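In full-length UniProt numbering, the protein residues as written are 1 to 139.
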């Protein structure tokens with residue numbers, strides 16, 4: 001079993017500016033085949049925007065995705081972890097804050113993301129959740 005966040009995180013971060021449109025963020029998610037982006041103001045993480053945030057906080061409310069900003073629909077002030085933090089700390093933070101992903105930040109810069117699926121795969125690579133997270137997306 002992995003001991004540190006760096007052992008389980010997905011390295012690299014896809015980020016958008018706070019003033020980026022929801023359409024811009026969604027296109028980036030599609031191009032990168034991911035379900036979330038970090039919202040960063042310079043080198044500071046100010047939020048996490050997920051595909052669900054776009055659907056529930058923008059589209060379902062009838063907002064114009066061309067004009068609505070990433071900052072206005074993202075989850076603000078996300079809980080952060082460092083690569084050297086224990087995996088157990090990441091698990092505890094996810095439980096405490098009821099989140100499925102945590103940006104990984106080192107020296108103030110986002111360097112990765114640790115997700116519930118990353119943790120499931122590290123705990124039991126043969127689990128159904130791990131198998132699903134490894135599967136290629138359809139369509």
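Heads up, the beta-carbon is just placed ideally off N, CA and C, and yes, glycines get one too.
Please read all numbers here as calculations on a predicted model, not as lab measurements.
In the displayed model, residue 45 falls within a strand according to three-state DSSP.
Classified as buried, residue 50 has 16 or more neighbouring CB atoms from the shown chains inside 10 Å of its CB. Around the beta carbon of residue 40, a 10 Å sphere encloses 16 or more other beta carbons of the protein chains shown; the residue is thus reported as buried. Excluding its 5 nearest sequence neighbours in each direction, residue 21 has C-beta neighbours in its own chain below 6 Å: 66, listed in chain order. Burial check for residue 101: the Cβ neighbour count within 10 Å reaches 16 or more, so the residue is buried. Judged by pairs of C-beta atoms under 8 Å, the segment 9-27 touches the segment 67-80, as three or more such pairs exist.
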